[in-house]
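Novice: Sequential numbering from 2 applies to the sequence shown in my numbering.
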Amino acid sequence: MYDIKSFKIKENPVILGLESSCDETAAAVIRGNKLLSSEIISSATEQAKYGGVVPEIASRAHTEAVDEVVALALEKAGVTAREIDAVAVTYGAGLLGALLVGLSFAKSLAYTLDIPLIAVNHIRGHMAAAYLVDNDLKPPFITLLASGGHTAVLHTESYTKSQVLGGTLDDAAGEAFDKVARVLGLPYPGGVNVERLAEQGRDCIQFPSAKVRNSDGLKFSYSGLKTAVINYCHNAEQKGINLNAADVANSFQRAAVEPLVAGAVRCARECGIKTVSAGGGVVANGYLRARLKAECEKAGIKLVLPEKKFCTDNAAMIAAEGLIQYRAGNFAPLDINAKAQIPLA
Ligand code: KG4
Ligand code: ZN
């Protein structure tokens, strides 16, 4: 009988990570904190035809890709299914139908192999990507989290506990990038295309900053910035003025990114913490990465920046968070359900 209390904790377990919360079907294998493989099959090209992620298409694509991506990850890692000690899977937050594909696969694998199932919060996965770049990284550190659904600065106090120091009052940073991409007529996925266009433009339009500092802590707001960009583009269109889209992209990018950099560095200073890490799709942005490097260096802060491919959705980060949960003995029952939303803290 499957009994989660019966599992012994190994020193350097082989963990299969699985991710299917949005449009990437991903699998990765780690042994201890060594990454052996990380594979992704994406439905982004299919989704691009519709200008964004269509949940039903995502679910179907996961169903078609999950077997193949797991087989690929095992093969690249040189590991057989029998050698897996635990399976870590994203159980939320994300698209319910999409999550269920990965979660059901992971449950059957855990049951068949009689190994622990580890239910990973996708956002904790993004935060754990930092451990992939620095095996010696130890809490406490400050994490800048900027994805399509979340924007926050957190104090990672221990491997399993983080405190939210500041966050967005409305839209997430990635959401703003995606909306601006749409108004500029750029294809899905938006963020990376805004970045590419920004490279050809200048920072010459004064858009409102995305930072609001209230007396009760650090707050970001992306809705005002997003609306300002949309109004600017619509005004130009109505007046028949030729819009320099590259300048709009560049000016927006600066207004969106600078507060994130300043917020992370300020939190580190205020908490007296000398290490900053970052995670989430927006952290793949080259301008953000360069600014974060420059400001951390100036402030004498060590920056732990995951590779771009580990900032956007992937399964290596899920395996990395899986290892933390494994070491804490945090195993999930086989009747655990997928969750569309999970609170950040
Ligand atoms: O972390 P992620 O892959 O998925 C979520 O968990 O949300 O983040 C996706 C978000 C999207 O909004 C996307 O536009 C943004 O990250 N993004 C970027 C870049 N690459 C992805 N934003 C700005 N610059 C990029 N290079
Ligand atoms: Zn994500």
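Positions of the beta carbon are idealized from the N, C-alpha and C atoms, including for glycine.
(1) Can you give the Cα-Cα distance for residue 83 and residue 295, rounded to whole angstroms?
(2) Identify the continuous beta strand (DSSP E) that holds residue 16 and give its terminal residues.
(3) When the Cβ atoms of the segment 309 to 328 are set against those of the segment 278 to 296, are three or more pairs found closer than 8 Å?
(4) Identify the continuous beta strand (DSSP E) that holds residue 304 and give its terminal residues.
(5) Would you say the beta carbon of residue 313 comes nearer than 7 Å to a heavy atom of ligand 1?
(6) Rounded to whole angstroms, how far is the Cβ of residue 151 from the Cβ of residue 124, which I believe are closer than 8 Å?
(7) Report the rounded CA-to-CA distance for residue 40 versus residue 64, giving the unit in angstroms.
(8) How many Å lie between residue 1 and residue 307 at the Cα?
(9) Buried or exposed: which applies to residue 117, given that a residue is buried once 16 or more other Cβ atoms fall within 10 Å of its Cβ?
(10) If you follow the alpha helix (DSSP H) that residue 247 is in, where does it begin and where does it stop?
(11) Strictly by DSSP, which residues pair up with residue 90?
(12) Apart from the five residues on each side of it in sequence, which residues of its chain come closer than 6 Å, Cβ to Cβ, to residue 1?
(13) Compare the Cα-Cα distances from residue 322 to each of 120, 71, 26 and 53 and report the closest residue.
(14) Can you tell me which of 62, 271 and 169 puts its alpha carbon nearest to the alpha carbon of residue 211?
(15) In the DSSP output, what is residue 31 paired with across the bridge?
(16) On the three-state DSSP scale, how would you describe residue 54?
(17) Where does residue 175 sit, in a helix, a strand or coil, going by DSSP?
(18) Would you identify the three-state DSSP class for residue 80, choosing helix, strand or coil?
(19) Is residue 235 near ligand 2 - that is, is its Cβ less than 7 Å away from at least one heavy atom of it?
(20) Do you know offhand how far residue 57's Cα is from residue 275's?
(21) Alpha carbon to alpha carbon, how far is residue 251 from residue 206? Give it in angstroms, no decimals.
(22) Measuring from the CB of residue 63, is there a heavy atom of ligand 1 at a distance below 7 Å?
(23) From this set, 209, 49 and 99, which residue's C-alpha is nearest residue 26's C-alpha?
(24) Classify residue 194 as helix, strand or coil using the three-state DSSP reduction.
(25) Of the residues 234, 261, 259 and 191, which one's Cα is nearest the Cα of residue 248?
(26) State yes or no: is the C-beta of residue 30 nearer than 7 Å to some heavy atom of ligand 1?
(27) Is residue 25 helix, strand or coil by DSSP?
(28) Take residue 148 and list the residues in its own chain whose beta-carbon comes closer than 7 Å to its own, dropping the five residues that flank it on each side.
(29) Note down, in chain order, each residue of its chain lying with its Cβ closer than 6 Å to the Cβ of residue 342, except the 5 sequence neighbours on either side.
(30) DSSP three-state label for residue 158, please.
(31) Got a sec: does ligand 2 put a non-hydrogen atom nearer than 7 Å to the Cβ of residue 148?
(32) Measuring alpha carbon to alpha carbon, tell me which of 60, 134, 2 and 47 ends up nearest residue 21.
(33) Please return the same chain residues whose Cβ sits closer than 7 Å to the Cβ of residue 287, not counting the five positions on each side in sequence.
(34) Just to check, is the beta-carbon of residue 282 closer than 7 Å to a non-hydrogen atom of ligand 2?
(35) I'd like the span of the alpha helix (DSSP H) that includes residue 299, first residue to last.
Specialist: This is what the structure gives:
(1) As a first step, residue 83 must be located in the sequence shown, where it is residue number 82. As a first step, residue 295 must be located in the sequence shown, where it is residue number 294. If I take the Cα positions, the gap works out to 46 Å.
(2) Against the sequence shown, residue 16 aligns to sequence position 15. Here the beta strand (DSSP E) through residue 16 covers 15 to 20.
(3) Between the segment 309 to 328 and the segment 278 to 296 there are three or more C-beta pairs closer than 8 Å, enough to call the two in contact.
(4) The sequence position of residue 304 within the sequence shown is 303, counting from 1. That run of the beta strand (DSSP E) goes 303 to 305.
(5) For the purposes of this step, residue 313 is taken as residue 312 along the sequence shown, with counting starting at 1. Yes, the beta carbon of residue 313 sits closer than 7 Å to at least one heavy atom of ligand 1.
(6) Along the sequence shown, one-based indexing puts residue 151 at 150. Along the sequence shown, one-based indexing puts residue 124 at 123. 6 Å between Cβ atoms; contact.
(7) Along the sequence shown, read from residue 1 onward, the residue named residue 40 stands at position 39. Along the sequence shown, read from residue 1 onward, the residue named residue 64 stands at position 63. If I take the Cα positions, the gap works out to 16 Å.
(8) In this structure the chain extends from 2 to 346, so residue 1 is not present and cannot be described.
(9) Numbered from 1 along the sequence shown, position 116 holds the residue referred to as residue 117. Counting Cβ neighbours within 10 Å, residue 117 comes out buried, since at least 16 surround it.
(10) Against the sequence shown, residue 247 aligns to sequence position 246. Per DSSP, residue 247 belongs to the alpha helix (DSSP H) from 246 to 272.
(11) Residue mapping note: residue 90 aligns to position 89 of the sequence shown, counting from 1. Paired residue(s): 19 and 120.
(12) Within the shown structure, residues of the chain are numbered from 2 to 346, placing residue 1 beyond reach of any answer.
(13) Numbered from its first residue, the sequence shown carries residue 322 at position 321. Ranking the options by Cα distance to residue 322, first place goes to 120.
(14) If you number the sequence shown from 1, residue 211 lands on position 210. For residue 211, the nearest C-alpha among the options comes from 169.
(15) Residue numbering aside, residue 31 sits at position 30 when the sequence shown is read from its first letter. Under DSSP, residue 31 takes part in a beta bridge, and its partners are 16 and 36.
(16) Start at 1 with the first residue of the sequence shown, and residue 54 comes out as number 53. Assigned with DSSP and collapsed to three states, residue 54 falls in coil, not helix or strand.
(17) Here residue 175 corresponds to residue number 174 of the sequence shown, with the count starting at 1. Reduced to three states, the DSSP call for residue 175 is helix.
(18) For the purposes of this step, residue 80 is taken as residue 79 along the sequence shown, with counting starting at 1. Secondary structure at residue 80: coil, using DSSP grouped into helix, strand and coil.
(19) Within the sequence shown, numbered from 1, the residue matching residue 235 stands at position 234. Not one heavy atom of ligand 2 is found less than 7 Å from the C-beta of residue 235.
(20) Here residue 57 refers to the residue found at position 56 of the sequence shown. Here residue 275 refers to the residue found at position 274 of the sequence shown. Approximately 44 Å, taken between the alpha carbons.
(21) Residue numbering aside, residue 206 sits at position 205 when the sequence shown is read from its first letter. Residue numbering aside, residue 251 sits at position 250 when the sequence shown is read from its first letter. The straight-line gap from Cα to Cα measures roughly 9 Å.
(22) Here the question's residue 63 lines up with position 62 in the sequence shown. It does not: the Cβ of residue 63 is nowhere closer than 7 Å to a heavy atom of ligand 1.
(23) On the sequence shown, position 25 is the one that residue 26 refers to. Ranking 209, 49 and 99 by Cα distance to residue 26 puts 99 first.
(24) Residue mapping note: residue 194 aligns to position 193 of the sequence shown, counting from 1. Helix at residue 194.
(25) Mapped onto the sequence shown, residue 248 falls at position 247. The shortest C-alpha separation from residue 248 is found at 234.
(26) Within the sequence shown, numbered from 1, the residue matching residue 30 stands at position 29. It does not: the Cβ of residue 30 is nowhere closer than 7 Å to a heavy atom of ligand 1.
(27) Position 24 of the sequence shown, counting from 1, holds the residue named residue 25. Residue 25 carries a strand assignment under DSSP once its states are collapsed to helix, strand and coil.
(28) Locating residue 148 in the sequence shown gives position 147, where the first residue counts as 1. Answer for residue 148: 127, 173, 175, 281, 282 and 283, listed in chain order.
(29) Here residue 342 refers to the residue found at position 341 when the sequence shown is read from its first residue. Sequence-distant Cβ neighbours of residue 342 in its own chain, meaning closer than 6 Å and more than five residues away, are 94.
(30) Position 157 of the sequence shown, counted from the start, is the residue given in the question as residue 158. In this structure, DSSP gives residue 158 an extended state, which the three-state scheme calls strand.
(31) Residue 148 sits at position 147 when you count from the first residue of the sequence shown. In this structure, ligand 2 has a non-hydrogen atom nearer than 7 Å to the beta-carbon of residue 148.
(32) Reading the sequence shown from its first residue, position 20 is the one you call residue 21. Residue 60 is the option with its Cα nearest to residue 21.
(33) Locating residue 287 in the sequence shown gives position 286, where the first residue counts as 1. 196.
(34) Here residue 282 corresponds to residue number 281 of the sequence shown, with the count starting at 1. Yes, the Cβ of residue 282 comes within 7 Å of a heavy atom of ligand 2.
(35) As a first step, residue 299 must be located in the sequence shown, where it is residue number 298. Taken as a continuous stretch (DSSP letters only), the alpha helix (DSSP H) holding residue 299 covers 287 to 299.
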